[in-house]
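Visitor: Protein chains in written order, with this note's numbering: chain A, 3 to 718; chain B, 3 to 718.
Glycine included, each C-beta is placed from N, C-alpha and C at the ideal position.
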């Protein structure tokens, strides 16, 4: 007996892209056709403190004044830039380089490890600094053009063309100036110039006790071992310190961050006056944060400004954002009330005010105006699947929504917050660039690319919610109908899943956030379905952190709620449902296949985590604690324990040099399938890391498409 | 227009296995069902110098007298053996151990690193010697029960329970007592006790200059690098020496085998009087052999007995086989006249006589009778696809064929050569054990297992020849028709190929030499075809060595001659031909698929050599010289150069720890396919070396069968 399914959803968006002359279909090769990607404007940025924005077009650096945006001036074009390079006996460029504004009148760019400074009023180019051609982890101070960089494990700085070696560590397991903690906690730099450019704060990472993962490079005459340090959950991890290098006296001072080994140093921020430096000390358990202040000259601990704790985890993702007019105050982003909000503190650690509040999240803090009256930020206030620009008056709390049109707005703010570039996407507009003012008034249209797929057939995309099995929680779904949709037919369908923290698959942007390949699969005749389950991002702390210590459980339950909905659709063939995902989505795909045997006929999982004990410390322990602390959780999530359930076709794909989800995961899973006599399919991308790119990605799209076409498309 | 194909073959055998009650079909799991394997007799051997043979049955060591073979005596059973072990305070055994006869009255066996000696007349068991439980590369002198063994890279001996450390080399790249040259040249031991048991000859291998191949062990908590020395064609190789250890004085003397580094030391043989030791010095080019005599006491070079050279290669595979009554003479096996034959030499190096001659090969030398009147050997004299036992009178050259029935006879000779155990197989008899005399008279039937497949459907198997494209050379073929064969139908067919030297796929033994899986595929409805191309074994030097410097060319031509024949068969669907092979057969499979695009719809290659530059020095350079010496040959054979030709479905399978054909081969091929946008399928067996076993093998049979069933069986 077929159960009647009560459809618990609100249709939010139902957009058909049926336009005339739509008749072509994608091939996987079209992925490399840039005409099918939304048109972008290159190197868009504001000029110093002016309300003037610049960008590169036709190999020239152009500018417009936000107050008079219809007029375009050329600052300099490639021919003239090359002439000046020639005069300096430097190699000419084949395209206009990306530039960074230093102030109102000067910008710099890098070519062949030389930093060139261009003075606009003087129209003069000069070599300002240079660094070693093998330099990595480059940090440039945009006022002084001092540069920090690493060679192998050591740190160097170059000042006015003169190189200083900051560290001379012979132990190659001690790294200076590199990104610690595997880029978790929002850390994306290994060193930080002080606001005055006079000193450099840098991470020192001792990974002597971290085990090597044995990667192999097959591209040498004889394959070579190419081990990488990979701290696995529960194992010895990095020990991190923060040094301050003062080039004037050629001395390093280390912050006195004494504490247990393996603690994390996050949110590194210089005091605008350069006297102090702030860092969040997060314990390895990731449930206790101390926001500490240190004397940047002596490295001495000054005080703990505040602490944050949580039974599940605390996840500092940002530095301190100092006000502009009052340098004794800063804005701190925290999810301490369950949602990412802004808090005003002073540098003594006094909480002055919670600036924003509500059941939505600040997704990007742009900063304050010059007088610190209002703070500007993007948020999910309107809807979890939209992004809008808001301003909140710090004193009154009065909040205004600046952007209007439904969709996803990402904004680049002019320094004074009077103007913004609004980079906009919606299901009806792949990408547009507008100049707007504080009221959201559109001052100029810089670019509008409504539909790069206009010559192609596309399926009807809709975004809606269904209720989770708690009867309360809204879960966002995206459905793309196959092209040439006939409601009387029964279609195979493909569930595309990610499901892990830090990511949201569905938003009201172009094709609802679905990528090229999902649209290609809709062209191949599949119903394409995606659901952002509990555990995914931008829905608040509870929604995302509910997976703590038992990843897989709730995510699967929610995805199965989605499948139940999918099966309720008259045009879905309930016997031909497939599932596909990569990384956490690979873990989800294999989990869905094995923990609900018989539901999915075909699955394809890329770079899947198979057992969280093989994932790294920083991300892994946040959600799962250590294998010793949470043996049951690890056991329940380990897909080795479900291999015996395998029914249907499962293709696993892995990059042989994946240093995020290491190869051991899928190889051990294959081993278990073999032991249990379960057929599973496999493919590897030699040399690929945690994903594929370029031609390999086209190959992979064909590989996965072929697999679904061979085993899911046919009714047989 | 369809060409008429002239069938150039002689039907040699056409055996139908259609017996009543045949109705079952194999599943891959049946591979592990021992009832489907020809029945064997365990530990069959002759007792000392007596015409008495012994074997293990029902956990007892039994014996029969060849002259009166109907009577069976029990020497000792497990219960009594365990009683005696118990008396010695030793652990009891769960099954009767394999034994080795020391003389007429005593045998020894090993249990838990202890060597036990059993005296039959006294019915007494004693601990005779012991060695370290971690000992490897064990060589036991069966008279003294002295034992040589290795731990890590060093060599030890144990004499009467006392251990001596022979080498104490700290450089782990210098190995003593281990097999050199990757087991090529018939070398299967790392040390050799002198006939009197007083001294030990052993190999010393310096592989310091050999590169590591980066194997990985995924079975640890964190995958571990597990590098193995793997000398690749053209690269630095092993340096080998021979030491003689004298335990009486605790001294090692090394043979003065001075010569270029990387030469090979083959055919190591002690003089029966222990004064000299012989070894063949083969240059790295493998085209010049010096058979040298050394003083075993001083290590000094005495003389070169003879030399062998060949434009292609010389391949010494055996030691010297000394006569029994005249210890100044020995038999040497050589292919110097184009076929493997026996030559009588004296120890001064004088060639006394070529004993055997003709366009056939001696395949196994059993030895001479006690008076050295006749030599006994197996050969292909009757037919390349049969093996029979022969005796040749050394003086007169008179040759007699001893075994009668058509098929394959392998014989275990009694010491005096008066009696033989004839282990026989033919298409009508899976395996039989007979006691025969010098006339071939069957004195007793020990076992006859006609057809272990009797409850199963099997396809009709035939062996025949077709002419190669030279119009002259006979190529042996084996064809198995699908079960329930209907000549009016069109069947898919599967070409199973090996194609490389040292092997012959087809012989007149049980199912023509086809294994379990090929018979299973005939049950699945495929025509199964195999051809032994030029380059394969037992057809003479010219036939096998014609591939020299251009592997792939002639082998493919011959296989395509086979395919042409196959296509001429009315019941073969010419659009549904598949090909399958492993190792050299994997190389052949991919070569056939890529160098004849469109001929094969589906291919499956296991552990394939993709480019011979990634194969090892010893085997690789014999056939291909080095990449520097033969760049054109390497280039033409490299399958990377044909990846762009790929049409149809190709599945490649590799063991992740394959230390014979290293993983780099198939990974690099995948990489090239990806680069060229060619779809290829892949599977790996984690931890597997150059083949799979047990449950993994069953899994692999299902994997390959499924692949052919998915893509070749359907006419669609």
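What does a CB cutoff of less than 6 Å around residue 502 of chain B pick up in its chain, not counting 5 residues either side in sequence?
Guide: Excluding positions up to five away in sequence, the list reads 586.
Visitor: Starting from the Cα of residue 1 of chain A, find the closest Cα among A/632, A/500, A/36, A/197 and give me that residue.
Guide: Nothing about residue 1 of chain A can be reported from this structure: the residues present for chain A run from 3 to 718 only.
Visitor: Answer yes if the segment 229–239 of chain A comes into contact with the segment 143–157 of chain A, meaning at least three C-beta pairs across the two stretches below 8 Å, and no otherwise.
Guide: Contact between the segment 143–157 of chain A and the segment 229–239 of chain A is absent, because fewer than three Cβ pairs lie under 8 Å.
Visitor: Helix, strand or coil for residue 762 of chain B? Go by DSSP, reduced to three states.
Guide: Residue 762 of chain B is absent from the model: chain B starts at 3 and stops at 718.
Visitor: With a threshold of 8 Å between beta carbons, is residue 213 of chain B in contact with chain A?
Guide: Closer than 8 Å to some Cβ of chain A, the Cβ of residue 213 of chain B qualifies, so yes.
Visitor: Enumerate, from N- to C-terminal direction, the unbroken beta strand (DSSP E) stretches of 3 or more residues contained entirely within the segment 261–320 of chain A.
Guide: Complete beta strand (DSSP E) runs here, min 3: 266–272, 278–284, 290–297, 303–311.
Visitor: Go ahead and label residue 69 of chain A buried or exposed: buried means 16 or more other beta carbons lie within 10 angstroms of its beta carbon, across all protein chains shown.
Guide: By the neighbour-count rule (16 or more Cβ atoms within 10 Å), residue 69 of chain A is not buried but exposed.
Visitor: Do the CB positions of residue 1 of chain A and residue 147 of chain A come within less than 8 Å of each other?
Guide: Here chain A comprises residues numbered 3 to 718, so residue 1 of chain A is not present and cannot be evaluated.
Visitor: Here's the rule I'm using: 16 or more other beta-carbon atoms within 10 Å means buried, otherwise exposed. How should residue 463 of chain B be labelled?
Guide: Burial call: buried.
Visitor: Would you kindly work out how many angstroms separate the C-alpha atoms of residue 280 of chain B and residue 320 of chain B, rounded to a whole number?
Guide: So the alpha carbons of these two residues sit roughly 12 Å apart.
Visitor: Spell out a yes or no on whether the segment 301–310 of chain A and the segment 347–365 of chain A are touching, meaning 3 or more CB-CB pairs, one atom from each, closer than 8 Å.
Guide: Yes, the segment 301–310 of chain A touches the segment 347–365 of chain A.
Visitor: With a threshold of 8 Å between beta-carbons, can residue 112 of chain B be considered close to chain A, or not?
Guide: Output row for residue 112 of chain B: interface = no.
Visitor: Just to confirm, is the Cβ distance from residue 461 of chain B to residue 431 of chain B under 8 Å?
Guide: Contact flag unset, no.
Visitor: Determine whether the Cβ of residue 660 of chain B lies closer than 8 Å to any Cβ atom of chain A.
Guide: Not an interface residue.
Visitor: Is residue 701 of chain A helix, strand or coil by DSSP?
Guide: Residue state, collapsed to three classes: helix.
Visitor: Would you call the segment 224–238 of chain A and the segment 287–298 of chain A touching, i.e. three or more CB-CB distances under 8 Å?
Guide: Touching, no, given that fewer than three Cβ pairs across the two stretches are closer than 8 Å.
Visitor: With 8 Å set as the bound, which would you pick, yes or no: does the beta-carbon of residue 700 of chain B sit closer than that to a beta-carbon of chain A?
Guide: Yes, because at least one Cβ of chain A sits closer than 8 Å to the Cβ of residue 700 of chain B.
Visitor: Look up residue 621 of chain B in the DSSP assignment and say whether it is helix, strand or coil.
Guide: Note: residue 621 of chain B maps to helix in three-state DSSP.
Visitor: Out of B/555, B/604, B/530, state which residue places its alpha-carbon closest to the alpha-carbon of residue 2 of chain B.
Guide: Absent from the model: residue 2 of chain B. The displayed extent of chain B is 3 to 718, so no value can be given.
Visitor: Classify residue 557 of chain B: buried if its beta carbon has 16 or more other beta carbons within 10 angstroms, exposed otherwise.
Guide: Result: buried.
Visitor: Determine the DSSP secondary structure at residue 512 of chain A, reduced to helix, strand or coil.
Guide: Here residue 512 of chain A sits in helix by DSSP.
Visitor: Return the residue from the list A/547, A/646, A/628 that minimises the CA-CA distance to residue 595 of chain A.
Guide: Taking only the C-alpha atoms, the option nearest residue 595 of chain A is A/646.
Visitor: Using Cβ-Cβ distances below 8 Å, what residues of the segment 681–710 of chain B are close to chain A?
Guide: Per Cβ criterion, the list reads 681, 683, 684, 685, 686, 687, 688, 689, 697, 698, 700, 701, 704, 705, 708.
Visitor: Strictly below 7 Å CB to CB, what residues from chain B border residue 677 of chain A?
Guide: Near residue 677 of chain A (Cβ distances below 7 Å), the residues of chain B are 697.
Visitor: How far does the beta strand (DSSP E) with residue 208 of chain A in it reach, from first residue to last?
Guide: Start and end: 202–208.
Visitor: Measuring alpha carbon to alpha carbon, tell me which residue in A/545, A/494, A/205 is nearest residue 506 of chain A.
Guide: Comparing Cα-Cα distances from residue 506 of chain A to each of A/545, A/494, A/205, the minimum goes to A/545.
Visitor: Indicate whether at least one CB of chain A lies closer than 8 Å to the CB of residue 257 of chain B.
Guide: Output row for residue 257 of chain B: interface = no.
Visitor: Would a check of beta-carbon distances place residue 4 of chain B closer than 8 Å to chain A?
Guide: In this prediction, residue 4 of chain B has a pLDDT of 35, which is less than 50 and means its spatial position is unreliable; what the coordinates show is noted afterwards. Not one chain A Cβ lies under 8 Å of residue 4 of chain B.
Visitor: Can you tell me whether DSSP reads residue 9 of chain A as helix, strand or coil?
Guide: Only weak support exists for where residue 9 of chain A lies, its pLDDT of 33 falling under 50; the coordinates are left without a value.
Visitor: To the nearest angstrom, how far is the alpha carbon of residue 338 of chain B from that of residue 362 of chain B?
Guide: So the alpha carbons of these two residues sit roughly 13 Å apart.
Visitor: Around the C-beta of residue 395 of chain A, are 16 or more other C-beta atoms found within 10 angstroms, so that it is buried, or is it exposed?
Guide: With fewer than 16 Cβ atoms within 10 Å of its Cβ, residue 395 of chain A is classed as exposed.
Visitor: Would you verify that the beta carbon of residue 670 of chain A is, or is not, closer than 8 Å to some beta carbon of chain B?
Guide: Residue 670 of chain A counts as touching chain B.
Visitor: Of the residues B/207, B/266, B/198, which one's Cα is nearest the Cα of residue 273 of chain B?
Guide: Of the candidates B/207, B/266, B/198, the one whose C-alpha sits nearest the C-alpha of residue 273 of chain B is B/198.
Visitor: Could you check if residue 145 of chain B is buried or exposed, using at least 16 other CB atoms within 10 Å of its CB as the buried criterion?
Guide: Looking at its Cβ environment, which holds fewer than 16 other Cβ atoms inside 10 Å, residue 145 of chain B is exposed.
Visitor: For residue 220 of chain A, decide whether its Cβ has a neighbour in chain B, counting only Cβ atoms nearer than 8 Å.
Guide: Yes, its Cβ sits closer than 8 Å to a Cβ of chain B.
Visitor: Are the C-beta of residue 16 of chain A and some C-beta of chain B separated by less than 8 Å?
Guide: Residue confidence is low: residue 16 of chain A scores 39 on pLDDT, short of 50, so the model does not pin down where it sits. No coordinate-derived value is stated.
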